[in-house]
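Enquirer: Mind having a look at this structure? Questions to follow.
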Amino acid sequence: MFSRTASLYRNAYSGLSPSTWWLSLIMLVNRSGTMVLPFMSIYLTSPAMGYGIAEAGIVMGLFGLGAVAGGFFGGRITDKAGFYPVQVATLIGGGILFIILGQMKTYPLICLFSFLLSMVNEAFRPANATAVAAYSNEANRTRSYALNRLAINLGWAAGGAVGGLIASFDYHLLF
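Just so we're aligned, residue 242 is where the sequence shown starts under our numbering, counting upward by one.
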């Protein structure tokens, strides 16, 4: 059974360029880093932070608003600057913002940095999608995007699992 499934995946994604595989690996890492998101409400309502459900909901709403803004601005900036610098800048910026967000204790700063982090992280996606198009050809573009989407889903799954394990020790380690 496992060998048949592995064979199906191997056949589906064989022949893709090494760049497409690298872009998908980078997307996997990027999405794994969003492990903070599923635990943010629990973290904010924990006794250590002491915020209420409504306040946590507002932070999550700002995270979503930042994602929408990031997708828009990420696409605009990618059109002007190209996909490579946007991907590099957002990966570095997102890492730095995760660390900063973990240090925030006041509610306005948590709101601000949740929005900024989400905006920067989501600005990565249009640049990555543009790069997938650039490094694939017409014959394998759909499979290239499928591999990228698989990386997104695996990143969310792996990130959530690893995040749960990390959170069982200390929520601050998620950041």
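In this text, a Cβ means the ideal position worked out from N, Cα and C, and glycines have one as well.
To the nearest angstrom, how far is the alpha carbon of P367 from that of T319?
Expert: For P367 and T319, the distance between alpha carbons rounds to 7 Å.
Enquirer: Between which two residues does the alpha helix (DSSP H) containing A297 stretch?
Expert: A297 -> alpha helix (DSSP H) spans 294–322.
Enquirer: For T347, is the classification buried or exposed, using 16 other Cβ atoms within 10 angstroms of its Cβ as the cut-off for buried?
Expert: Flag for T347 reads exposed.
Enquirer: When the Cα atoms are used, what is the spatial distance from S265 to L414?
Expert: S265 and L414: Cα-Cα distance of roughly 25 Å.
Enquirer: In this structure, does DSSP put F243 in helix, strand or coil?
Expert: In the structure shown, F243 sits in a helix (DSSP, three-state: H, G or I).
Enquirer: Just tell me which of G343, A398, T261 has its CA closest to the CA of N378.
Expert: It is T261.
Enquirer: If you compare alpha carbons, which of S255, L332, T246, W263 is closest to E363?
Expert: Measuring from the Cα of E363, the nearest candidate turns out to be L332.
Enquirer: Tell me which residues share the same chain as G404 and place their Cβ nearer than 8 Å to its Cβ, disregarding the 5 neighbours each side in the sequence.
Expert: If we look at G404 and ignore the five residues flanking it on each side, its Cβ neighbours are M276, V277, P279, F280, L415.
Enquirer: Give the single residue among N252, A310, G311, L269 whose Cα lies nearest to the Cα of G396.
Expert: Here the closest residue by C-alpha is L269.
Enquirer: Using a 10 Å radius around the Cβ and a threshold of 16 neighbouring Cβ atoms, would you call F356 buried or exposed?
Expert: Flag for F356 reads buried.
Enquirer: Please determine, among Y325, I299, G256, S273, the residue with the shortest C-alpha to C-alpha distance to L285.
Expert: For L285, the nearest C-alpha among the options comes from I299.
Enquirer: Measuring straight from C-alpha to C-alpha, what distance separates P349 and W263?
Expert: Those two C-alpha atoms are separated by around 37 Å.
Enquirer: Determine the contact status of F339 and A375, defining contact as a CB-CB distance below 8 Å.
Expert: Going by C-beta atoms, F339 is not nearer than 8 Å to A375.
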